[in-house]
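Structure record follows, encoded as structure tokens.
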Amino acid sequence: MIYSYCNKCKAESAGDVCQQCGKKASPAAQRNVWSAHFLPLSDGRTWKSILMVLVLAVGLCLGILFGLEALLSGSARTAQMWQGNLPALIFSILPIGLVLSFLLLFLQGKEILVYVLDPKGAHLQTWHEPSRKKSWARLQTADPSLNVQNQNGSMMHLAQERHMVWQDVQSVKYRPQSCTILLYHTPHCAPMVLRLPQNEYELAAAYVAKYCIGK
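This is the structure we're talking about:
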């Protein structure tokens, strides 16, 4: 949803027109704000990243151990190693890693993602219910100073903040089917994912396109 700030009235209004004086705000005074509920355990992109890391770890272990053995002792000794328990031990990294990842993602529970697009860039805050268990599952300390009270009286914990200025965006991928927009700082790697409700997608896509022309 678009919010605008009126310098004359010193007030923020929903929409691009000040609700007090009726003046339309300039594009520089407008920002797009929305929130989305997110469950890390059910996110395919998260599981894809985990699997890639585990496969890479297995490949590095195999390459280093057997490569060094081949250089130091020759191919015959390396072949003997393949007949032992070491390969099975290394490949066990995959199932063990997947089980541990499942437990951590399960303990993380649900998140509330709050997004803001403004003339400077895209901003993301990740919130969850205050809980040592949920913080530890994210490999974070449970800092009570990051707890904030909502208008309804409930408490939420700020788990993460991420910011990306438009000048740093190298490429953009629009995915209306999944209602996501991917902002890449480094091409094809670690994008900032904008997750949108279906009714917010077109507005956010137009806002991003305005500042990322040709990307």
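Going by this note's numbering, the first residue of the sequence shown is number 79, and it counts up by one from there.
Just so it is clear, CB atoms sit at the ideal spot from N, CA and C, and this is done for glycine as well.
Q) Based on the DSSP secondary-structure assignment, which residues constitute the bridge partners of GLU90? A) Position 12 of the sequence shown, counting from 1, holds the residue named residue 90. BP columns for GLU90 point to TYR83.
Q. At what residues does the alpha helix (DSSP H) containing GLN186 begin and finish?
A. Along the sequence shown, read from residue 1 onward, the residue named residue 186 stands at position 108. For GLN186, the enclosing alpha helix (DSSP H) covers residues 171-186.
Q.
Could you check whether PHE116 and LEU191 sit closer than 7 Å to each other, using their CB atoms as the reference points?
A. Translated into positions along the sequence shown, residue 191 becomes position 113. Translated into positions along the sequence shown, residue 116 becomes position 38. In contact: LEU191 and PHE116 (Cβ atoms closer than 7 Å).
**Q.** Local Cβ density within 10 Å of GLU278, reported as buried at 16 or more and exposed below that
**A.** Start at 1 with the first residue of the sequence shown, and residue 278 comes out as number 200. GLU278 comes out buried.
Q | GLU278 - DSSP class collapsed to helix/strand/coil | A | For the purposes of this step, residue 278 is taken as residue 200 along the sequence shown, with counting starting at 1. Note: GLU278 maps to helix in three-state DSSP.
Q. Does DSSP classify GLN245 as helix, strand or coil?
A. For the purposes of this step, residue 245 is taken as residue 167 along the sequence shown, with counting starting at 1. Helix at GLN245.
Q: Pull up the distance between the alpha-carbon of SER170 and that of SER104, whole angstroms please.
A: The sequence position of residue 170 within the sequence shown is 92, counting from 1. The sequence position of residue 104 within the sequence shown is 26, counting from 1. Straight-line Cα distance between these residues: approximately 58 Å.
Q. Does at least one heavy atom of the ligand SAM sit under 6 Å from the Cβ of SER232?
A. Looking at this structure, you won't find the ligand SAM or any other ligand, since it has none at all.
**Q.** Residues near MET242 by beta carbon distance below 7 Å, same chain, minus five either side
**A.** Here residue 242 is taken as the residue at index 164 of the sequence shown, counted from 1. Around MET242: GLY199, ALA200, LEU261, HIS263 and MET270.
Q: Specify whether the segment 106-126 and the segment 141-156 touch according to this definition: at least 3 beta carbon pairs, one from each stretch, less than 8 Å apart.
A: Taking 8 Å as the limit for Cβ pairs, the verdict is that the segment 141-156 does not touch the segment 106-126.
Q.
I need the DSSP call for SER256, collapsed to helix, strand or coil.
A. Counted from its first residue, the sequence shown places residue 256 at position 178. Coil at SER256, not helix or strand.
Q.
Please classify LYS212 as buried or exposed, where buried requires at least 16 neighbouring CB atoms within 10 angstroms.
A. As a working note, residue 212 is residue 134 in the sequence shown. The residue is buried, with at least 16 neighbouring Cβ atoms inside 10 Å.
Q | Residue environment, LEU183, which counts as buried when at least 16 other CB atoms sit within 10 Å | A | Taking the sequence shown and counting its residues from 1, one reaches residue 183 at position 105. By the 10 Å Cβ count, LEU183 comes out buried.
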